[in-house]
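Let me begin by presenting the structure, written as structure tokens, before commenting on it.
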Amino acid sequence: MPTIFTRIINGEIPCYKVAEDENFLAFLDIRPLAKGHTLAIPKKEVDYIFNLDDDTLKELMVFSKKVARALEATIECKRVGVLVIGTEVLHTHIHLIPFQKESQMSMMSPKEELTQEEMTEIARKVSAAVQL
674 MPTIFTRIIN
684 GEIPCYKVAE
694 DENFLAFLDI
704 RPLAKGHTLA
714 IPKKEVDYIF
724 NLDDDTLKEL
734 MVFSKKVARA
744 LEATIECKRV
754 GVLVIGTEVL
764 HTHIHLIPFQ
774 KESQMSMMSP
784 KEELTQEEMT
794 EIARKVSAAV
804 QL
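In case it helps, the working numbering puts the sequence shown at residues 674 to 805.
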């Protein structure tokens, strides 16, 4: 059974897309820890980041770096943190979290409440800043 991320890749479930190329997709997390919280994923469904082949892992990190730079350019933040846990959705994903306080990097932190309009605007701005 395909993961929710594969269903997003296939267009079965909508997302707030930030960046995409032939191998990777980045979209806003719908339960963000901070404004601009983005997920970067490979389009190939692999359950665990360390099960990716070396080239795909390197390319995913370079793709994530480009998205992080766009987040830094559009979201006021101290830094963009990187978090990889990989247990909630069994499809490799990297959390890119623009944070003001380190506590925003905890999955136990309260989630941000953003409207659909706010999410759309964030995705538009970040997408415009991504340089693939």
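Every residue, glycine too, gets a C-beta built ideally from N, C-alpha and C.
Predicted model only: the values in this text are computed from it and were never measured.
Taking the C-alpha atoms as reference points, what is the distance between residue i and residue j?
{"i": "isoleucine 677", "j": "serine 737", "result": "20 angstroms"}
{"i": "lysine 716", "j": "threonine 765", "result": "9 angstroms"}
{"i": "leucine 805", "j": "phenylalanine 772", "result": "23 angstroms"}
{"i": "leucine 763", "j": "lysine 774", "result": "28 angstroms"}
{"i": "aspartate 829", "j": "valine 735", "result": "A query on residue 829 cannot be resolved here, the shown segment of the chain reaching from 674 to 805 and no further."}
{"i": "leucine 701", "j": "glutamate 791", "result": "11 angstroms"}
Can you tell me where the alpha helix (DSSP H) with residue i in it begins and where it stops?
{"i": "alanine 801", "result": "789 to 802"}
{"i": "threonine 682", "result": "Looking at the sequence itself, residue 682 is isoleucine, so the reference to threonine does not match. Element bounds for isoleucine 682: 677 to 682."}
Considering only the beta carbon of each residue, do residue i and residue j sit closer than 8 angstroms?
{"i": "valine 753", "j": "glutamate 745", "result": "yes"}
{"i": "alanine 692", "j": "serine 776", "result": "no"}
{"i": "isoleucine 767", "j": "lysine 708", "result": "no"}
{"i": "leucine 725", "j": "leucine 733", "result": "yes"}
{"i": "glycine 759", "j": "isoleucine 722", "result": "yes"}
Taking DSSP's pairing of strands, which residues face residue i in a bridge?
{"i": "leucine 805", "result": "According to DSSP, which records beta bridges pairwise, leucine 805 is partnered with nothing at all."}
{"i": "threonine 711", "result": "Leu701 and Leu769"}
Give the list of continuous beta strand (DSSP E) stretches no shorter than 3 residues that lie fully inside the stretch 715 to 758. 752 to 756
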